[in-house]
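Read left to right, the sequence shown gives residues 26 to 161 (the working numbering).
Every residue, glycine too, gets a C-beta built ideally from N, C-alpha and C.
All values reported here derive from a predicted model rather than from experimental measurement.
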Amino acid sequence: MANLIPIILIIISTLLLETTNDHAPASLLIPYISVLSFPVTYSTALAIRVRNVRKELNDKMNLSKQLAFENEKMQLEKDLHLLKAKDIENQLELEKMNTENMKLNLDLQNREMLISALKLQQKEEILKKIESETQN
Numbered sequence: 026m027a028n029l030i031p032i033i034l035i036i037i038s039t040l041l042l043e044t045t046n047d048h049a050p051a052s053l054l055i056p057y058i059s060v061l062s063f064p065v066t067y068s069t070a071l072a073i074r075v076r077n078v079r080k081e082l083n084d085k086m087n088l089s090k091q092l093a094f095e096n097e098k099m100q101l102e103k104d105l106h107l108l109k110a111k112d113i114e115n116q117l118e119l120e121k122m123n124t125e126n127m128k129l130n131l132d133l134q135n136r137e138m139l140i141s142a143l144k145l146q147q148k149e150e151i152l153k154k155i156e157s158e159t160q161n
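Have a look at this one:
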């Protein structure tokens, strides 16, 4: 398209100069203007292309940032789920330890009661021996 406009202008200016025999200074500028239209239209097309490429690049950069953000969000959600699972696992382990601790405390209390009962039985036996010795 950028090349088509100058070619059309060159053809039109050529036809105008050939069909009219007017060699006025203004009509002599038409070929120069048509030749100069090539770099103007080419630079305009190039500027539009650069603008479009920049826009595409910005769109892709924004998409890349959005995907990176979503990826980070998903990673953080995954980490959160892992931490919650670890927390539940730790709570279960704590419950097991508490249960084991309570069993050990119960066992300790049972042993203390058994020792107390044995000491009480020994005292009763000693008292019975003393009574039997005193009666004899």
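Item, Value
"Assuming Pro31 contacts Ser68 (C-beta within less than 8 Å), just tell me the rounded distance between them.", "So it is not a contact: roughly 12 Å between Cβ atoms."
"Quick one: Cα of Ala72 to Cα of Asp104, how far?", "47 Å"
"Does Met86 have its Cβ less than 8 Å from a Cβ in chain C?", "Absent from the structure: chain C. Only one protein chain is present."
"Could you check whether Ser38 and Pro64 sit closer than 8 Å to each other, using their CB atoms as the reference points?", "no"
"Using 10 angstroms around the beta-carbon of Leu34, count the other beta-carbons present and answer buried if the total reaches 16, otherwise exposed.", "buried"
"Looking only at its own chain, which residues have a Cβ that is under 8 Å from the Cβ of His74, when we skip the five neighbours before and after it?", "Per the sequence shown, the amino acid found at residue 74 is Arg instead of His. Hits under 8 Å: none found."
"Would you tell me roughly how many angstroms separate the C-alpha atoms of Val78 and Asn96, rounded to the nearest one?", "26 Å"
"Taking just the CA atoms, how far does Leu119 sit from Lys144?", "37 Å"
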